[in-house]
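K.L.:
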Amino acid sequence: MKIAYFDCFSGISGDMCLGALVDAGVPLQKLREGLNTLALLSYEIRRRKVKRRGISATRIEVIVKKGEPTRGLADISTIIEDSGLPPNIKKRGLRIFRRLFQAERKVHGGKLKDLHLHELSATDCIVDIIGTLLCLEMLGIREVVSSPLNLGGGAVSSKHGLLPVPAPATSQLLKGKPVFSTGIQKELTTPTGAAIITETATSFGHFPEMTIDSTGTGAGSHGLKEQPNILRVFIGDKTIKPHNGHHKTGSNEVVTVIETNIDDMNPQVYEYLMERLFKEGALDVFLSTVIMKKSRPGILLQVLAYPASRERLINILFEETPTLGIRFHETERVCLNREIKEIDTEFGPVRFKVVDTDGHRKAVPEYEDCRRIAEKTGLSLIDVMKMLKS
């Protein structure tokens with residue numbers, strides 16, 4: 006399972022995220038192509054190699070031409086929703102901006118619809134946030150872990166005058182997260198950086214066990230005397246220790262099991278709920294009948310997912326069900342190596358799932374293809390499956 010570790014010893018910002026991920030292997034042209042699906046005008050992404058206290062790093066700058074319109078949450082949401090971005094990136098991007106605006110509302114008051122991004126260019130912010138999500142997708146990252154965040158210190162200029170570091174909005178976004186300061190009198194963790202890392206990271210702490218494939222170093226805007234203003238990212242495979250030795254034919258990976266007991270929901274809701282969970286990254290969803298306290302019949306709803314999807318799946322369960330509490334834990338699973346191959350048969354091309362089992366190969370026809378053949382020929386589904394397996 007691909008994992009990314011963000012080393013935020015000198016803080017984090019949107020441009021530092023882009024620089025580190027491009028430096029780690031994301032082709033800049035591919036990133037530009039992804040961002041071009043957004044209806045944003047008059048901006049340019051520039052990349053250059055710089056040095057921060059002797060460390061080589063990639064600096065990404067978003068150059069926005071003058072005359073950019075003031076944008077609120079509704080304007081930004083429309084730009085993202087009307088784009089050609091993948092659905093999962095749209096949803097994560099919208100969540101990040103919603104949290105960013107909610108943090109601003111808690112600090113300054115007012116209604117969400119009346120707030121605007123005064124302290125930074127909305128275009129710059131959109132490119133940083135959506136660009137980071139695109140980079141993580143292109144690198145195949147399933148899980149993000151972050152170090153504690155260096156906040157910096159001192160004060161930062163704003164339309165409200167000088168504000169203390171961390172900025173009030175940053176403080177709101179980082180509630181419950183580990184932070185520190187080395188006393189440097191600069192804003193090292195920005196609201197955009199805080200919004201990105203608190204949405205994407207599933208945990209904060211020490212370097213995880215992993216096999217490193219690539220690293221990237223993104224440069225910040227500060228020329229610090231005390232230390233390099235850089236963000237490092239490490240990309241690799243998460244190290245899993247199998248309980249029962251090495252599995253020759255499969256691969257181990259960590260997954261999260263999310264579960265809750267429900268005894269007071271209309272059964273018609275389950276179909277919609279399961280569809281939504283699958284769209285948001287669930288690997289499997291299953292329902293079991295259980296007898297709860299006071300002998301009440303109920304449903305045990307369990308969701309299997311990668312750790313990176315945990316928070317948004319939990320939010321869906323709270324939104325779509327009457328449950329008041331949800332349990333989750335991480336576990337390991339072993340998956341046999343498999344691939345989908347199209348094979349010519351008497352019914353024409355059919356997709357088969359080909360599985361390796363300790364040196365032996367087993368091919369199983371895909372259900373949807375079997376169903377299509379059964380409907381077309383009038384044969385029973387069971388007969389079609391038997392004929393394709395023989």
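Residue numbers for the sequence shown follow our numbering, so the first one is 6 and each next one is one higher.
Positions of the beta carbon are idealized from the N, C-alpha and C atoms, including for glycine.
From Asp361, Ile60, Thr175, Phe106, pick the residue whose C-alpha is nearest to that of Leu78; which is it?
P.N.:
By 1-based counting over the sequence shown, the position of residue 78 is 73. Among Asp361, Ile60, Thr175, Phe106, the Cα nearest to that of Leu78 belongs to Phe106.
K.L.:
To which residues of the same chain is Met21 closer than 6 Å at the C-beta, ignoring the five residues directly before and after it?
P.N.:
Looking up residue 21 in the sequence shown gives position 16. Once the five neighbours on either side are set aside, the close Cβ partners of Met21 are Gly223, Gly225, Leu236.
K.L.:
Taking only three categories from DSSP, how would you classify Ile189?
P.N.:
Numbered from 1 along the sequence shown, position 184 holds the residue referred to as residue 189. In the structure shown, Ile189 sits in coil (DSSP, three-state: anything other than H, G, I, E or B).
K.L.:
Just to confirm, are Val359 and Arg343 a CB contact at a threshold of 8 Å?
P.N.:
Within the sequence shown, residue 359 is the residue found at index 354, counting from 1. Within the sequence shown, residue 343 is the residue found at index 338, counting from 1. Yes; because the gap between Cβ atoms is below 8 Å, this pair is in contact.
K.L.:
With C-beta atoms as the reference, is Ile84 less than 8 Å away from Glu142?
P.N.:
For this step, residue 84 is matched to residue 79 along the sequence shown. For this step, residue 142 is matched to residue 137 along the sequence shown. It is not a contact, given that the beta carbons lie outside the stated cut-off.
K.L.:
Could you tell me the distance, in whole angstroms, from the CA atom of Ser395 to the CA atom of Glu280?
P.N.:
Your numbering for residue 395 matches position 390 in the sequence shown. Your numbering for residue 280 matches position 275 in the sequence shown. The straight-line gap from Cα to Cα measures roughly 34 Å.
K.L.:
Does the distance from the CB of Asp268 to the CB of Arg315 come in under 8 Å?
P.N.:
Taking the sequence shown and counting its residues from 1, one reaches residue 268 at position 263. Taking the sequence shown and counting its residues from 1, one reaches residue 315 at position 310. Against a cut-off of 8 Å, the Cβ pair of Arg315 and Asp268 comes out as no contact.
K.L.:
DSSP three-state call for Leu23: helix, strand or coil?
P.N.:
Counted from its first residue, the sequence shown places residue 23 at position 18. Of the three classes helix, strand and coil, the one that applies to Leu23 here is helix, per DSSP.
K.L.:
Please work out which residues of its chain come closer than 8 Å, Cβ to Cβ, to Met390, disregarding the five sequence neighbours upstream and downstream, and give them in chain order.
P.N.:
Against the sequence shown, residue 390 aligns to sequence position 385. Closer than 8 Å at Cβ, skipping near neighbours: Pro370, Cys375.
K.L.:
By DSSP, does Asp133 sit in helix, in strand, or in coil?
P.N.:
By 1-based counting over the sequence shown, the position of residue 133 is 128. It is helical.
K.L.:
Could you give the DSSP three-state label for Val369: helix, strand or coil?
P.N.:
Taking the sequence shown and counting its residues from 1, the one referred to as residue 369 is at position 364. Looking at Val369 - three-state DSSP - the assignment turns out to be strand.
K.L.:
Can you check DSSP and say which residues form a bridge with Ser162?
P.N.:
Position 157 of the sequence shown, counted from the start, is the residue given in the question as residue 162. According to DSSP, Ser162 bridges with Leu167.
K.L.:
For the alpha helix (DSSP H) containing Glu335, name the first residue and the last one.
P.N.:
Your numbering for residue 335 matches position 330 in the sequence shown. Where Glu335 is concerned, there is no enclosing alpha helix (DSSP H), although the beta strand (DSSP E) it sits in stretches over 332 to 341.
K.L.:
Can you tell which of Ile131, Arg100, Ser88, Leu144 has its C-alpha closest to the C-alpha of Val27?
P.N.:
Here residue 27 refers to the residue found at position 22 when the sequence shown is read from its first residue. Selected option, being the one with the closest Cα: Leu144.
K.L.:
Excluding the 5 residues preceding and the 5 following Tyr48 in the sequence, name in chain order all residues of the same chain whose CB lies nearer than 8 Å to its CB.
P.N.:
The residue labelled residue 48 in the question sits at position 43 within the sequence shown. Val67, Ile68, Val69, Lys70, Thr128, Asp129, Val132, listed in sequence order.
K.L.:
My output table needs one value for Tyr275: the three-state DSSP class, helix, strand or coil.
P.N.:
Reading the sequence shown from its first residue, position 270 is the one you call residue 275. Tyr275 falls in the helix class under three-state DSSP.
K.L.:
Starting from the C-beta of Lys284, find all residues in its chain whose C-beta is less than 8 Å away, skip the five residues before and the five after it, and write them out in chain order.
P.N.:
For the purposes of this step, residue 284 is taken as the residue at position 279 of the sequence shown. The residues are Pro92.
K.L.:
Going by C-alpha to C-alpha distance, which of Pro272, Pro32, Cys140, Pro171 sits closest to Thr294?
P.N.:
Start at 1 with the first residue of the sequence shown, and residue 294 comes out as number 289. For the residues Pro272, Pro32, Cys140, Pro171, the minimum Cα distance to Thr294 belongs to Pro272.
K.L.:
Exposed or buried, Leu167, counting other C-beta atoms within 10 Å across all chains shown (16 or more means buried)?
P.N.:
Reading the sequence shown from its first residue, position 162 is the one you call residue 167. Exposed, because fewer than 16 other Cβ atoms sit within 10 Å of the Cβ of Leu167.
K.L.:
How is Asp80 classed by DSSP in three states: helix, strand or coil?
P.N.:
For the purposes of this step, residue 80 is taken as residue 75 along the sequence shown, with counting starting at 1. Of the three classes helix, strand and coil, the one that applies to Asp80 here is helix, per DSSP.
K.L.:
Hey, Phe212 and Tyr372: beta-carbon distance below 8 Å or not?
P.N.:
Taking the sequence shown and counting its residues from 1, one reaches residue 212 at position 207. Taking the sequence shown and counting its residues from 1, one reaches residue 372 at position 367. It is not a contact, given that the beta carbons lie outside the stated cut-off.
K.L.:
Hey, Gly241 and Ile8 are a contact pair by Cβ (cut 8 Å); roughly how many whole angstroms apart?
P.N.:
Here residue 241 refers to the residue found at position 236 of the sequence shown. Here residue 8 refers to the residue found at position 3 of the sequence shown. Right, the Cβ-Cβ distance comes to about 6 Å (below 8 Å), so this counts as a contact.
K.L.:
Could you pull out every unbroken beta strand (DSSP E) segment of at least 3 residues lying fully inside the stretch 203 to 246, listed in chain order?
P.N.:
Runs of the beta strand (DSSP E) inside the stretch 203 to 246: 215 to 224, 235 to 243.
K.L.:
Can you tell me whether Lys191 is buried or exposed, with buried defined as 16 or more other CB within 10 angstroms of its CB?
P.N.:
As a first step, residue 191 is located in the sequence shown; it is residue number 186 there, counting from the start. Lys191 is buried by the Cβ-count criterion.
K.L.:
Helix, strand or coil: which one does DSSP assign to Val389?
P.N.:
On the sequence shown, position 384 is the one that residue 389 refers to. Three-state DSSP puts Val389 in a helix.
K.L.:
According to DSSP, simplified to helix, strand and coil, what is Ile146?
P.N.:
Residue numbering aside, residue 146 sits at position 141 when the sequence shown is read from its first letter. The answer is coil: DSSP assigns Ile146 none of H, G, I, E or B.
K.L.:
For Asp374, does the three-state DSSP call read helix, strand or coil?
P.N.:
Working through the sequence shown from its first residue, we reach residue 374 at position 369. DSSP places Asp374 in helix when its eight states are reduced to three.
K.L.:
Okay, do the stretch 200 to 218 and the stretch 175 to 190 touch, 3+ Cβ pairs below 8 Å being the bar?
P.N.:
Yes: the two stretches touch, three or more of their Cβ pairs being nearer than 8 Å.
K.L.:
Quick check on the DSSP output: the alpha helix (DSSP H) that includes Pro327 runs from which residue to which?
P.N.:
The residue labelled residue 327 in the question sits at position 322 within the sequence shown. Counting along the chain, Pro327 falls outside any alpha helix (DSSP H), and DSSP gives it neither H nor E.
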